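*Asks:* FYI, in the working numbering the residues of the sequence shown are 30 to 627.
We treat Cβ as the ideally placed atom computed from N, Cα and C, and that holds for glycine.
In this text the structure is predicted, and so the values were computed from the model without any measurement.
One structure is given below, represented as structure tokens, and several questions about it will come after.
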Amino acid sequence: MAIKFWNGIALIENDTYRTQLIPKLGRLDHDQSLLKEILPHIPRGGVAIDVGANIGDHTIAYLNKVGLTGRVLAFEPLPEAYECLTLNVPGAESYNYALSDQEETLNLVIRPNTGESFCSYSENSQTIRAVPLDSFEFTQVDLIKFDVEGWELKALKGAEETIYQHQPRMVIEINEQVFKRTLGNRQEIYDFLKRHDYELQPIQPKNSLNTERIDVLAVPEKAQYFCGFQHKLGEAYTANSQLDQAIIAYRRAIGLNPTISSSHHNLGDVLEKQGHLESAIAFYRKAIDLNRDHHQYHITLAKALARKGMAAEAVAEYRLGMSLNPNFQWSEDNFAEALLEGLYKHHSKDHSKGFQGNPSQKNDTSHDCGVIYLAIGEKFKQEFINAYKFFKKSNPTIPISLFTDCPMGELDGCTVYPLNDKKNPHKLKVDILKKSPYQKTLFLDTDTLVVGDISDIFSFLDDCDLCIAKTPHIDYSKPPYKYLGYESHNTMNTGVFAFKKCQFITKMIDGWITLASKQNDSTMRAGHFGDQYYFNQLLQSGFFEQEGGKVKVIDNKIYNVRPQPLPHLIKDGLFNQAKIIHLRLPAFVPSLISLKKK
30 MAIKFWNGIA LIENDTYRTQ LIPKLGRLDH DQSLLKEILP HIPRGGVAID VGANIGDHTI
90 AYLNKVGLTG RVLAFEPLPE AYECLTLNVP GAESYNYALS DQEETLNLVI RPNTGESFCS
150 YSENSQTIRA VPLDSFEFTQ VDLIKFDVEG WELKALKGAE ETIYQHQPRM VIEINEQVFK
210 RTLGNRQEIY DFLKRHDYEL QPIQPKNSLN TERIDVLAVP EKAQYFCGFQ HKLGEAYTAN
270 SQLDQAIIAY RRAIGLNPTI SSSHHNLGDV LEKQGHLESA IAFYRKAIDL NRDHHQYHIT
330 LAKALARKGM AAEAVAEYRL GMSLNPNFQW SEDNFAEALL EGLYKHHSKD HSKGFQGNPS
390 QKNDTSHDCG VIYLAIGEKF KQEFINAYKF FKKSNPTIPI SLFTDCPMGE LDGCTVYPLN
450 DKKNPHKLKV DILKKSPYQK TLFLDTDTLV VGDISDIFSF LDDCDLCIAK TPHIDYSKPP
510 YKYLGYESHN TMNTGVFAFK KCQFITKMID GWITLASKQN DSTMRAGHFG DQYYFNQLLQ
570 SGFFEQEGGK VKVIDNKIYN VRPQPLPHLI KDGLFNQAKI IHLRLPAFVP SLISLKKK
């Protein structure tokens, strides 16, 4: 079976189901109705196990939910699906095994035109390795999803010790049509789970446990029974000002069922009453992770952030809360109070009505310098997370602002600005430049890796308005394209550039927006009428000379290393000076970084 790519997503060519559905829906995690029911059972920072991960269409959602401090393991025995899995979800711990009740060799029967398979002891099929899940070590397991085409009971028996120790929630696919081929048995699976004190329910309420094809949610019985009691006990202790006892009760409730958002929120409230503001904020964020549509959660978090002096984050949460419930009037007043108390300097007329538009358009944060990114869609969100990790290792004190249409968990030193605009990303990129909350801004594409101290870029802006690097000199007249030198004559690359707030930059952005707005969205993409094309059109129009802007061309061998010059930089001994690497080659990044350190 061959692999093909759609919009950067690796697909199995003869998997007619996914090759049609994923492009149609425009996302790898296409099964949103099922994921909506599963994800609340995975806590931020938790451990999720995807058994039968296929190409990663659930794995990617689990990884996003657990965040940077969590862990996701994915098991997929089909070699082609496993290869796609590792390409699509590089952040997961992926294994090319089946799971069974013992370490053994199995035969994998591949179903035609599906990209799927099932395990068997029959011959005339592909040989694979199977291991028990209990051969792995865990400090916690929060959720296990089994989609193993009739091999569920064997996989469950091989996970018996893990299930006993960690009491995870489990999602198990039951399919009678598959059982006819594999001799699987629904009742044996149900009996196994009930022997381990699990309560079973269909994950989609419209189904019953006897529906021919169903996803079953298995929850430890003790969690269902005791959680509500502990939560009510916490409320009673809080009402009587017995805060230490309330904390114990809420923590017990969360331990029994970590998916109840109100327990996290109430625990945060008690901790804040005791003066533990940072811990309270962490639990408020957890409540929002579990239920993003509860306006009160956002408002409570915003108040706590304002108390801590985290201005931009507080404003963003107030705005989210008000958008979820526009009639929640006191949230507007508190929001304006946060601005008036010095977190943002703004006119007092906003006190009664709140604040319209993105706050960063009109206010500066306490930081003079910072970095902004734009991430539209899941693929670029994943790129940003990778870029963020590199950036914070080399520049831990420089703040980051992320503009995105994707949900994001908490990232230290990063303010998230939610976007709902459906514009072409290349037009959005130019738009958000005006929304930068910094006096001096470095814009970075998500496929950049910052591997050195970049504070000198902000120093350059003391003597100029704009810093930008040239593109490499490439002959694009006919393929194969020929590399001619490190710098082109007069073409700039807009994946990395820095600017400061001034009249010239405002005019430059307006001119850039005007040119880009003329292009049809369907034909506007990277390398073809993208934002870079219109920046260079503005440059070549004489605008910069007419407006008297001061532009500094920075060295693209240091601040914007592109793929084509890379072999020449290494050959010339110049790669070690690179600070910003700008290329979308994730498979080679670790070796490049290790080479730089030598």
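Measuring alpha carbon to alpha carbon, tell me which residue in Gly514, Ser129 and Leu285 is nearest Phe585.
*Replies:* Looking at the sequence itself, residue 585 is Asn, so the reference to Phe does not match. When each option's Cα is compared against that of Asn585, the closest is Gly514.
*Asks:* Taking the alpha-carbon positions, what's the Leu595 to Glu241 distance?
*Replies:* Their Cα atoms are separated by approximately 56 angstroms.
*Asks:* Under 8 angstroms: do the region 558-577 and the region 466-479 share three or more Cβ pairs, one atom per stretch?
*Replies:* These segments do not touch.
*Asks:* Distance cutoff 8 angstroms, beta carbons only. Does Tyr563 sit that close to anything in chain B?
*Replies:* In the displayed structure, chain B is absent; only one protein chain is listed.
*Asks:* Could you pull the start and end residues of the alpha helix (DSSP H) that Ile67 belongs to?
*Replies:* Segment Gln61 to Ile67, the alpha helix (DSSP H) holding Ile67.
*Asks:* How long is the line joining the alpha carbons of Lys529 and Leu490, rounded to whole angstroms?
*Replies:* Taking the straight line joining both Cα atoms gives about 7 angstroms.
*Asks:* Kindly indicate which three-state DSSP category Lys261 falls into: helix, strand or coil?
*Replies:* Three-state DSSP puts Lys261 in a helix.
*Asks:* Using DSSP with H/G/I as helix, E/B as strand and the rest coil, what is Tyr126?
*Replies:* Three-state DSSP puts Tyr126 in coil, outside helix and strand.
*Asks:* Do you know offhand how far Leu107's Cα is from Val299's?
*Replies:* Rounded to the nearest angstrom, the two C-alpha atoms are 49 angstroms apart.
*Asks:* Where do the N-terminal and C-terminal ends of the beta strand (DSSP E) with Ile583 fall, by residue?
*Replies:* Element bounds for Ile583: Val580 to Ile583.
*Asks:* Just list the alpha helix (DSSP H) runs in the region 494-547, keeping only unbroken ones of 4 residues or longer that don't cross its boundaries, in chain order.
*Replies:* List check, alpha helix (DSSP H) in window: 532-546.
*Asks:* In this structure, does DSSP put Gly158 in helix, strand or coil?
*Replies:* For the record, residue 158 in the displayed sequence is Arg; it is not Gly. In this structure, Arg158 counts as strand in the three-state DSSP scheme.
*Asks:* Would you report the Cα separation of Ser291 and Asn93, rounded to the nearest angstrom?
*Replies:* Whole-angstrom Cα-Cα distance: 22 angstroms.
*Asks:* Between Ala82 and Glu109, is the Cβ-Cβ spacing less than 8 angstroms?
*Replies:* It is not a contact, given that the beta carbons lie outside the stated cut-off.
*Asks:* Is there contact here, the region 406-424 with the region 463-472, by at least three beta-carbon pairs under 8 angstroms?
*Replies:* No, because fewer than three Cβ pairs between the region 406-424 and the region 463-472 fall closer than 8 angstroms, the two stretches do not touch.
*Asks:* Considering Cα atoms alone, identify which of Lys458, Pro72, Pro249 and Glu66 is closest to Gly524.
*Replies:* Considering only alpha carbons, the answer is Lys458.
*Asks:* Does the distance from the CB of Pro72 to the CB of Pro287 come in under 8 angstroms?
*Replies:* Closer than 8 angstroms, so yes.
*Asks:* In terms of residue numbering, what span does the alpha helix (DSSP H) encompassing His195 cover?
*Replies:* Run containing His195: Glu189 to His195, per the alpha helix (DSSP H) assignment.
*Asks:* Kindly indicate which residue of Glu439, Asp397, Cys398 and Ala340 has the alpha-carbon position closest to the one of Tyr417.
*Replies:* If we check each option's Cα against that of Tyr417, Glu439 comes out closest.
*Asks:* Considering only residues of the same chain and omitting the five flanking positions on each side of Gln206, which have a CB-CB separation below 8 angstroms?
*Replies:* Cβ within range, chain order: Glu241 and Arg242.
*Asks:* Could you tell me if Thr329 is buried or exposed, where buried requires 16 or more neighbouring beta carbons within 10 angstroms of its beta carbon?
*Replies:* Burial call: buried.
*Asks:* To the nearest angstrom, how far is it from the Cα of Phe413 to the Cα of Asp434?
*Replies:* Distance between the alpha carbons of Phe413 and Asp434: 13 angstroms.
*Asks:* Please state whether DSSP places Pro119 in a helix, a strand or coil.
*Replies:* Three-state result, Pro119: coil.
*Asks:* Since Phe533 and Gly578 are thought to touch, with beta carbons under 8 angstroms apart, how far apart are those beta carbons, to the nearest angstrom?
*Replies:* Correct: roughly 4 angstroms between the Cβ atoms.
*Asks:* Just to confirm, is the Cβ distance from Leu544 to Gln566 under 8 angstroms?
*Replies:* In this structure, Gln566 lies closer than 8 angstroms to Leu544 by Cβ.
*Asks:* Output needed for Val170: all residues of its chain with C-beta closer than 7 angstroms, excluding positions within five of it in sequence on either side, in chain order.
*Replies:* Closer than 7 angstroms at the Cβ level, and outside the excluded window around Val170, lie Val76, Ile78, Thr191, His195 and Pro197.
*Asks:* Beta-carbon within less than 6 angstroms of Ile276's beta-carbon, same chain only, minus the 5 sequence neighbours each way: which residues are those?
*Replies:* Contacts found: Val299.
*Asks:* Any idea if Ser129 is buried or exposed, counting beta-carbon neighbours within 10 angstroms, 16 or more meaning buried?
*Replies:* Per the 10 Å Cβ criterion, buried.
*Asks:* Between Cys113, Ile583, Ile218 and Glu202, which has its C-alpha nearest Asp492's C-alpha?
*Replies:* Residue Ile583 is the option with its Cα nearest to Asp492.
*Asks:* Tell me whether Val101 sits in a helix, a strand or coil according to DSSP, three-state version.
*Replies:* Val101: strand per DSSP, three-state reduction.
*Asks:* Enumerate in chain order the residues of its own chain whose CB-to-CB distance from Thr98 is below 8 angstroms, with the five nearest sequence positions on each side excluded.
*Replies:* Taken in chain order, the residues that qualify are Arg73 and Gly74.
*Asks:* Per DSSP, which residues does Tyr402 bridge with? Please list them.
*Replies:* DSSP lists Leu431 as partners of Tyr402.
*Asks:* Taking the C-alpha atoms as reference points, what is the distance between His323 and Tyr402?
*Replies:* Approximately 27 angstroms, taken between the alpha carbons.
*Asks:* Under the DSSP definition of a beta bridge, which residues are partnered with Cys443?
*Replies:* Paired residue(s): Ile429.
*Asks:* May I ask you to report which of helix, strand or coil DSSP gives Gln230?
*Replies:* Of the three classes helix, strand and coil, the one that applies to Gln230 here is strand, per DSSP.
*Asks:* Report yes if the CB atom of Ile497 is closer than 8 angstroms to the CB atom of Gln593, and no otherwise.
*Replies:* Not in contact: Ile497 and Gln593 (Cβ atoms no closer than 8 angstroms).
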